[in-house]
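Presented below is the structure to which this report refers.
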Amino acid sequence: MDPTRRNVIAAAGVAVAPSLSVAGEPAHDHGHDHDHSDVPSDPALRVKALESLLVEKGLVDPAALDVLVDRFEHRVGPRDGARVVARAWADPAFKQRLLSDTPTALVEMGYNADQGEHMMVVENTPQVHNLVVCTLCSCYPWAILGLPPVWYKSAPYRSRAIIDPRGVLKEFGTDVSPDIEVRVWDSTAEVRYIVLPERPIGAENLNESELAALVTRNSMIGVGKALAPGATA
Amino acid sequence: MTCGTITLNTPDLAALKLPTDDNGPIFAEPWEAQAFAMAVKLHEAGHFAWTEWASALAEELKGAADRGEPDDGTHYYHHWLAALERLVMEKSLAGQAELAERKAAWVDAYLHTPHGQPVELSSGPT
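Protein sequence lines correspond, in order, to chains S and C. Letter by letter, the first sequence follows residues -6 to 226 of this note's numbering. Letter by letter, the second sequence follows residues 8 to 133 of this note's numbering.
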């Protein structure tokens, strides 16, 4: 770069990236975020390159990207799933529709079916506890649960959920008695599973929004149970 | 093709601790959110099927595991981005040279923009 220009910037008190990092060494170390210089990390630059090119070619709409990012960053996801579960607890006929045809039931609740056509709800009962994983990648019903938590994407969860589901449940502090069958569902790009947790005891007189407050994200993945009434979320 | 097979490549699974969920931000950095959104929007626009996406991502994850990289979920979006770049190239939505050139242009733009001003790509050659 033009040395004069650089000096001007430096004189203005601006942190200029050392030329070594400009050469494109991937900046994978996450420990240095706060004292980053002006040039973003390697992945951030690659994303910028992709985005600006795709937008320029008319392949993606930047406004639509922003809407999606905003929606997911604010975690509306899990609350949508919680409302679905609450409706199923409150309305047995809806529950039947949800279990037999999940996509249609979601549309009935007003959820845009992007990705929804691939969802299937599995019900916890006094005899069966369901647990969801994606062993190979991390397929997840994010259209209504938001984005998966970090542990869901981790190799230990992806492998151990299949070979030692009870051990995994125990680590999450979830007690499932030995006489209850644990079913593990391996999500794929075609089918992503959502657990319908058991309605907690003592929740009989709650309305749907009170019920929804008892439904945690983990209970819909199956690593947890719904909260008891009175417990704080 | 689905993500159905499981590879047991470690005999010492119990020693691996599950990262606990701290309910922290789902995206550690803004680029992760942008990369996420681009894959979803390209799929919605019909540029690739979600099954193609899942298998591209699975291959990236497997590649990382084969290279012995730690797979605790924290580098997930690095793999996501690599899968996205690969599919974008495979589907001829953008070429490798084009992407590299554009990335260099961004670096240049950052270095030539005084602090405090929005960084923009100049339209002509610099």
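For every residue, glycine included, the Cβ atom is placed at its ideal position computed from N, Cα and C. This structure is a prediction, so every number in the text was calculated from the model and none was measured.
- The beta carbon of C:His54 is closer than 7 Å to those of Lys98, Leu100 in its chain, skipping five residues each way along the sequence.
- Within chain C, not a single residue places a beta-carbon under 9 Å from that of S:Pro134; the smallest gap is close to 12 Å.
- DSSP places C:Tyr84 within a helical segment (H, G or I) once states are collapsed to three.
- The beta carbon of C:Met96 sits closer than 7 Å to the beta carbons of Gly102, Gln103 from its chain, once the five residues preceding and following it are set aside; these are given in chain order.
- With contacts defined by Cβ atoms closer than 7 Å, S:Leu38 and C:Ala44 do not form a contacting pair.
- Listed along chain S, the residues sitting closer than 7 Å to C:Gly80 by beta-carbon distance are Val143, Trp144, Lys146, Ser147.
- Closer than 7 Å to the CB of S:Ala206 there is not a single CB belonging to chain C.
- Annotated three-state conformation of C:Arg74 is coil, per DSSP.
- Chain C places no beta carbon closer than 7 Å to that of S:Pro193, leaving this residue out of the contacts.
- Proximity to C:Ala42 across S:Asp168, S:Val32, S:Phe65 peaks at S:Phe65, based on C-alpha coordinates.
- Following the DSSP letters along the chain, one finds C:His119 in no beta strand (DSSP E) but inside the alpha helix (DSSP H) bounded by residues 103 to 119.
- Counting along the chain, S:Leu140 sits inside no alpha helix (DSSP H), nor does DSSP assign it H or E at all.
- Between the alpha carbons of S:Thr97 and S:Gly103 lies a distance of about 10 Å.
- Rounded to the nearest whole angstrom, the CA to CA distance from S:Asp168 to S:Val216 is 10 Å.
- Taking C-alpha positions only, S:Arg72 is separated from C:Trp113 by approximately 38 Å.
- In this structure S:Val78 touches S:Val208 by the C-beta definition: roughly 5 Å separates them, less than 8 Å.
- Any Cβ of chain S closer than 7 Å to the Cβ of C:Trp113 would place that residue at the interface, and such an atom is present.
- C-alpha of S:Ser170 to C-alpha of S:Ala75: approximately 25 Å in a straight line.
- Secondary structure remark: continuous alpha helix (DSSP H) runs of at least 4 residues inside the region 55 to 106 of chain S, in chain order: 55 to 66, 69 to 83, 85 to 93, 95 to 101.
- Considering only beta carbons, the part of the region 42 to 53 of chain C lying closer than 8 Å to chain S consists of Ala42, Phe43, Ala44, Met45, Val47, Lys48, Leu49, Glu51, Ala52, in chain order.
- Taking a Cβ-Cβ threshold of 8 Å, none of the residues of chain C is close to S:Ala81; the smallest such distance is about 24 Å.
- According to DSSP, S:Val115 shares a beta bridge with S:Val188.
- In this structure, S:Thr128 places its C-beta atom within 7 Å of the C-beta atom of S:Arg151.
- The beta carbon of C:Trp60 sits closer than 8 Å to the beta carbons of Ala46, His50, Ala90, Leu94 from its chain, once the five residues preceding and following it are set aside; these are given in chain order.
- Within 7 Å of the CB of S:Lys41, the CB atoms of chain C belong to Trp113, in sequence order along the chain.
- In the three-state scheme derived from DSSP, where H, G and I count as helix and E and B as strand, S:Asp179 is classed as strand.
- Between the region 85 to 99 of chain S and the region 146 to 160 of chain S there are fewer than three C-beta pairs closer than 8 Å, too few to call the two in contact.
- Residue-level contact check: S:Leu52 touches chain C, since one or more beta carbons of chain C fall below 7 Å from its beta carbon.
- DSSP places S:Asn211 in the uninterrupted alpha helix (DSSP H) bounded by 210 to 214.
- Per DSSP, S:Leu38 is one residue of the alpha helix (DSSP H) stretching across 35 to 49.
- Three or more Cβ pairs closer than 8 Å define a contact, and the region 78 to 87 of chain C meets that threshold against the region 138 to 156 of chain S.
- In the DSSP assignment, no residue is bridged to C:Glu59.
- A distance of 7 Å or more separates the beta carbons of S:Ile173 and S:Pro134.
- The C-beta distance from S:Ala42 to C:Lys48 rounds to 16 Å, too long to meet the 8 Å contact threshold.
- The three-state secondary structure of C:His50, taken from DSSP, is helix.
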